[in-house]
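Enquirer: Following the working numbering, the residues of the sequence shown are numbered contiguously, the last one being 268.
The C-beta atom is built at its ideal place from N, Cα and C for all residues, glycine as well.
None of the values given here were measured: they were computed from a predicted structure.
Structure provided below as structure tokens; questions to follow.
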Amino acid sequence: MSLPIKAFIASTPNSYKLSIFLELLKLKYEVVPVDLSKNDQKQPWFLKVNPNGKVPTLHDETNDIKLGESGAILLYLADTYDKERKYSYAPGTKEYYKMIEAAFFQVGGIGPAVGQSIHFKLIAQEKNPMAIERFHIEIKRLLTVLEEYLKRNKEEYNSEYLAGSHLSIADIVHIGFIPYLKVCDVPLNDFPGVLKWAQHVLEHPEIRKGFTIPRKSTLWDDNLASLD
Numbered sequence: 041m042s043l044p045i046k047a048f049i050a051s052t053p054n055s056y057k058l059s060i061f062l063e064l065l066k067l068k069y070e071v072v073p074v075d076l077s078k079n080d081q082k083q084p085w086f087l088k089v090n091p092n093g094k095v096p097t098l099h100d101e102t103n104d105i106k107l108g109e110s111g112a113i114l115l116y117l118a119d120t121y122d123k124e125r126k127y128s129y130a131p132g133t134k135e136y137y138k139m140i141e142a143a144f145f146q147v148g149g150i151g152p153a154v155g156q157s158i159h160f161k162l163i164a165q166e167k168n169p170m171a172i173e174r175f176h177i178e179i180k181r182l183l184t185v186l187e188e189y190l191k192r193n194k195e196e197y198n199s200e201y202l203a204g205s206h207l208s209i210a211d212i213v214h215i216g217f218i219p220y221l222k223v224c225d226v227p228l229n230d231f232p233g234v235l236k237w238a239q240h241v242l243e244h245p246e247i248r249k250g251f252t253i254p255r256k257s258t259l260w261d262d263n264l265a266s267l268d
């Protein structure tokens, strides 16, 4: 049976943002697996949905909307389906803008830095020590900033989350990248605030389930276990 909400995803940190949020919202959705090893994301059938050829991508037939870019997708889902604002904040509020700030920090900072680190360490055929060191240092700097976000939010809201008083998009966009820090040789024990936050966020069963969609990953199992 075809469902109106279709999630085009692969087993990647960015894709997990979508699967996790859909699980938290308890929405019925159809998973459209995208095989990156076969370059599915560059095929005409996929480019019709997302001309940028990237995952995750959302097609909500209910509202006839197709979206790429994980941040835009999560904001759309929040505005459309999180009417009680359990995992987001109402636009115009202080908490909303702090959530957006933290989410954009991930999209423009931690996400690209972790991606580049993994590329130069594991994927690139020719190793570039300068590039490897550059992104290693940058990840540690960004985690220091994340520690400060957590500290300030704790002081203002007495909360263990990144923005405001409850779990939100700010946390969802970050958590998918945390297990990959082990791959980047960045010990999370060096950042106790981030470690405590990650352990707290992973207490949500919907988030754990999101990491198994579209398929369960042994890599993720190993690295998530290291956070328990």
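In chain order, what residues of the same chain lie with their CB nearer than 8 Å to the CB of G93, ignoring the 5 residues before and after it?
Expert: For G93, where only same-chain residues beyond five positions count, the Cβ hits under 8 Å are Q81, K82, F86 and L87.
Enquirer: Taking Cβ positions, are T97 and N103 nearer each other than 7 Å?
Expert: Taking 7 Å as the Cβ cut-off, T97 and N103 do not qualify as a contacting pair.
Enquirer: Cα-Cα, which of S59, D230 and Q156 is closest to K256?
Expert: The shortest C-alpha to C-alpha distance from K256 to any of S59, D230 and Q156 is the one to S59.
Enquirer: Once DSSP output is grouped into helix, strand and coil, what is the label at A47?
Expert: Strand.
Enquirer: Could you tell me whether the region 188 to 208 touches the region 227 to 244, where touching means 3 or more Cβ pairs closer than 8 Å?
Expert: yes
Enquirer: Is DSSP giving P73 helix, strand or coil here?
Expert: Residue state, collapsed to three classes: strand.
Enquirer: Rounded to a whole number of angstroms, what is the C-alpha to C-alpha distance between T239 and K138?
Expert: Note on identity: in this sequence residue 239 is Gln, with Thr being the wrong assignment. Distance between the alpha carbons of Q239 and K138: 22 Å.
Enquirer: Nearest CA to the CA of L186: which residue from I105, E141, D225 and E166?
Expert: E141
Enquirer: Could you tell me whether the Cβ atoms of G145 and V95 are closer together than 7 Å?
Expert: For the record, residue 145 in the displayed sequence is Phe; it is not Gly. For F145 and V95, no; Cβs fall outside 7 Å.
Enquirer: D122: buried (16+ other C-beta within 10 angstroms of its C-beta) or exposed?
Expert: buried
Enquirer: Is the region 205 to 218 touching the region 158 to 170, taking contact as three or more C-beta pairs under 8 Å?
Expert: no
Enquirer: What number of angstroms, rounded off, separates the C-alpha of K78 from the C-alpha of T133?
Expert: Distance between the alpha carbons of K78 and T133: 44 Å.
Enquirer: Flag this pair as touching only if the region 50 to 68 and the region 245 to 254 have three or more C-beta atom pairs under 8 Å; answer yes or no.
Expert: Using a Cβ-Cβ distance cut-off of 8 Å, the region 50 to 68 and the region 245 to 254 are in contact, since at least three pairs of beta carbons, one from each stretch, lie closer than that value.
Enquirer: Just to confirm the assignment, what range does the beta strand (DSSP E) spanning L107 have?
Expert: I105 to L107
Enquirer: On the criterion of 16 or more Cβ atoms from any shown chain inside 10 Å, does G111 qualify as buried, or is it exposed?
Expert: buried
Enquirer: Starting from T184, trace the alpha helix (DSSP H) both ways and give me its first and last residue.
Expert: P169 to Y197
Enquirer: Report the partner residues of D100 according to the DSSP bridge assignment.
Expert: I45 and I105
Enquirer: Alpha carbon to alpha carbon, how far is E200 from K126? Give it in angstroms, no decimals.
Expert: Taken atom to atom, the span from the alpha-carbon of K126 to that of E200 is near 15 Å.
Enquirer: Give me, in chain order, the residues of the same chain whose beta-carbon lies closer than 8 Å to that of Q156; leave out the 5 immediate sequence neighbours on both sides.
Expert: A171 and F175
Enquirer: DSSP on K138, reduced to helix/strand/coil?
Expert: helix
Enquirer: For L228, which three-state DSSP category applies?
Expert: helix
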